[in-house]
Amino acid sequence: MRLAVLKERRPAETRVAATPETVKKFIGLGCSVAVEAGAGLASGIPDADYAAAGAEVAADPAAALQGANIVLKIRAPLAAGEGEVDELALIPRGALLLGQLQADEKAAAAYAQAGIDAGAMELLPRITRAQSMDILSSQANLAGYRAVIEAAGAFDRGFPMLMTAAGTISAANVFVMGAGVAGLQAIATARRLGGRVSATDVRPAAKEEIKSLGATYVGYESEESKQAQTAGGYAKQLSAEFYAEQAKVVAAHIAKQDIVVTTALVQGRKAPQLVTEAMVQSMKPGSVIVDIAADAGGNVALTKPGEMVVTENGVKILGWHNWPGRISGASSSLFARNLLTLLTTFWDKEAKAPKLPAEDEIVRGVMLTRGGAVVHPSFQAAKAA
């Protein structure tokens, strides 16, 4: 059983889908492992570390993928016309591909036509048994941490209250919008740095979670907000009327803040706009907004994905791409463990190969294609090969 790990080639992607730690464990399962040269460099892992763990360091993607049965990626493989290397064409028919594929019907059909058994890890069901495989949670946790660290770096004062012989500097007012995994980590990190933290979220369960971390809850509550959470724990898209009322509450609060961190994502949709241009204009010069949702369109009206914007009134808006990738060593480590856990959960020790029962809830949730056909219910309209 040959397992291949490719270097990521998409813009702003610095992570890698396996680490020397997980390579050793795959070899222990009976796999041979090939890692493309340079795959881990952006995450601080030199080729020598993979070689020391027992992996073959392959010169290029074609060499890594030669005879591969399992392919691990962070992002979807490049197809023809997407980059200098057509990674998709190099993956052997029948191989199992795992990663954060962000597939649509066209991509699912392409995997089926190529004969690739593709598993999109972001579609993992949110059940207890799958928590240790959940890439969205592991990566969001680090994104929330990194967002606050970068806010602190961009802010022209300190987070904690500082008492000196020359006088006192007040603690920074930090407002976190969205209290999912990223938001809760942002709250905890801002508190550890000494900030005065408040937070908001449309989901009713989030109020107590915010308070449990020592932050103040801010928000508009209504009958609609009581139904604002899916069975899987995600925020639902709510009505325009609800968002208008929420915006009134937020607008008054945001004008007093030094740091704002926005984290709101709605699964499968463009990120909701939470911070209007008028709200940004109400903030003090030197304030910082960090938009973790920039890749999904952004929560802030003035966000420019991939850039830092400084507004006319002196507010910095950080809208960098790929927030987990800005802490690539840690995020690669967790992503790699998520993939390892999925495979070991379904590993057939005698066959020394993964056995993925179609009836299993996790397998059913993750697998897009199998045996040349699209099998995921969300992509059934895509035509099989």
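Counted the way the UniProt record's numbering counts, the sequence shown spans residues 1 to 385.
From the three backbone atoms N, C-alpha and C, an ideal C-beta is built for every residue, glycine too.
- For Leu96, which option in Leu78, Gly115, Ala89 has the closest C-alpha, if you only look at C-alpha atoms? Of the candidates Leu78, Gly115, Ala89, Gly115 places its Cα closest to the Cα of Leu96.
- Using three-state DSSP, classify Gln267 as helix, strand or coil. Coil at Gln267, not helix or strand.
- Considering only C-alpha positions, which residue in the set Asp60, Arg15, Pro46, Pro92 is nearest to Arg2? It is Pro92 whose Cα lies nearest to the Cα of Arg2.
- Could you say which of Arg9, Glu307, Ser222, Lys352 lies nearest to Glu82 if we only look at CA atoms? It is Arg9 whose Cα lies nearest to the Cα of Glu82.
- Task: Give every residue of the same chain whose Cβ lies closer than 6 Å to the Cβ of Lys304, excluding the five residues on either side of it in the sequence, and list them in chain order.
- Result: Correct list, in chain order: Gly319.
- Message: Given this structure, state the Cα-to-Cα distance separating Ala247 from Thr216, to the nearest angstrom.
- Response: Their backbone Cα atoms lie some 17 Å apart in a straight line.
- Task: Name the residue from Ile27, Gly44, Leu6, Gly28 whose alpha carbon lies nearest to the alpha carbon of Ser333.
- Result: Taking the Cα of Ser333 as reference, the smallest distance to any Cα among Ile27, Gly44, Leu6, Gly28 is reached at Gly44.
- Nearest-angstrom Cα distance between Gly329 and Arg15? If you draw a straight line from the Cα of Gly329 to the Cα of Arg15, it comes to about 7 Å.
- Going by beta carbon distance, what residues of the same chain come within less than 7 Å of Ser331, once the five residues before and after it are set aside? Correct list, in chain order: Arg15, Gln139, Leu142, Pro324, Gly325.
- Helix, strand or coil for Leu302 per DSSP? In the structure shown, Leu302 sits in coil (DSSP, three-state: anything other than H, G, I, E or B).
- Please classify Asn322: is it buried, with 16 or more other beta-carbons within 10 angstroms of its beta-carbon, or exposed? With 16 or more other Cβ atoms from the protein chains shown falling within 10 Å of its own Cβ, Asn322 counts as buried.
- Message: Starting from Asp49, trace the beta strand (DSSP E) in both directions and tell me its first and last residue.
- Response: Careful: Asp49 lies outside any beta strand (DSSP E), inside the alpha helix (DSSP H) at 47–53.
- Query: Do Ala34 and Ala58 have their C-beta atoms within less than 8 Å of each other?
  - Reply: Going by C-beta atoms, Ala34 is nearer than 8 Å to Ala58.
- Message: I'd like to know whether the C-beta atoms of Thr200 and Val218 end up nearer to each other than 8 Å.
- Response: Contact annotation: Thr200 and Val218 have beta-carbon atoms nearer than 8 Å.
- What do you get for Thr168, buried or exposed, if any count of 16 or more other CB atoms within 10 angstroms of its CB means buried? By the 10 Å Cβ count, Thr168 comes out exposed.
- Where Val375 falls: helix, strand or coil (DSSP): Coil.
- Around the Cβ of Glu87, are there at least 16 other Cβ atoms within 10 angstroms (buried) or fewer (exposed)? Under this definition Glu87 is a buried residue.
- In terms of alpha-carbon separation, which member of Leu101, Glu312, Gln66 lies closest to Ala4? Cα-wise, what sits closest to Ala4 is Gln66.
- Message: Rounded to whole angstroms, what is the Cα-Cα separation between Met367 and Ala108?
- Response: The alpha-carbon of Met367 is positioned some 10 Å away from that of Ala108.
- Give the secondary structure of Lys316 by DSSP, where H, G and I count as helix, E and B as strand, and everything else as coil. It is a strand residue.
- Euclidean distance between Cα positions of Leu302 and Gly314: Between Leu302 and Gly314, the C-alpha separation is close to 13 Å.
- Taking Phe335 as the reference, give the member of Glu56, Ser137, Gly178 with the closest Cα. When each option's Cα is compared against that of Phe335, the closest is Ser137.
- How long is the line joining the alpha carbons of Leu98 and Ala205, rounded to whole angstroms? In a straight line, the C-alpha of Leu98 is about 32 Å away from that of Ala205.
- Gln185 versus Val290 - alpha carbon distance: Near 14 Å, if we compare the C-alpha coordinates of Val290 and Gln185.
- Task: Consult DSSP for Glu245 and reduce its assignment to one of helix, strand or coil.
- Result: DSSP, read as helix, strand or coil, puts Glu245 in helix.
- Message: So, with DSSP's three-state summary, where would you put Lys106?
- Response: Of the three classes helix, strand and coil, the one that applies to Lys106 here is helix, per DSSP.
- Item | Thr263 and Ala244 closer than 8 Å at C-beta | Cβ atoms of Thr263 and Ala244: not closer than 8 Å.
- Item | For Pro354: DSSP bridge partner residues | DSSP, once it has assigned bridges, lists Trp347 as partnering Pro354.
- Query: Where does Gln273 sit, in a helix, a strand or coil, going by DSSP?
  - Reply: Taken through DSSP and simplified to helix, strand or coil, Gln273 comes out as coil.
- Less than 8 Å separating the beta-carbons of Ile259 and Gly195? Yes, the Cβ-Cβ distance between Ile259 and Gly195 is below 8 Å.
- Short CB-CB distance (under 8 Å) between Gln100 and chain D: Among the chains of the structure shown, chain D does not appear; only one protein chain is present.
- Query: Helix, strand or coil for Tyr220 per DSSP?
  - Reply: DSSP places Tyr220 in coil when its eight states are reduced to three.
- Have a look at the DSSP bridge pairing and note the partners of Gln100. Paired residues: Arg75.
- How long is the line joining the alpha carbons of Thr369 and Ala103, rounded to whole angstroms? Cα to Cα, Thr369 sits roughly 11 Å from Ala103.
- Task: Assign Val202 to one of two classes, buried (16 or more other C-beta atoms within 10 Å of its C-beta) or exposed (fewer than that).
- Result: The Cβ neighbour count for Val202, taken over all protein chains shown within 10 Å, is at least 16; the residue is labelled buried.
- Best match in Met163, Val197, Tyr145 for proximity to Ala172 [C-alpha to C-alpha]: The shortest C-alpha to C-alpha distance from Ala172 to any of Met163, Val197, Tyr145 is the one to Val197.
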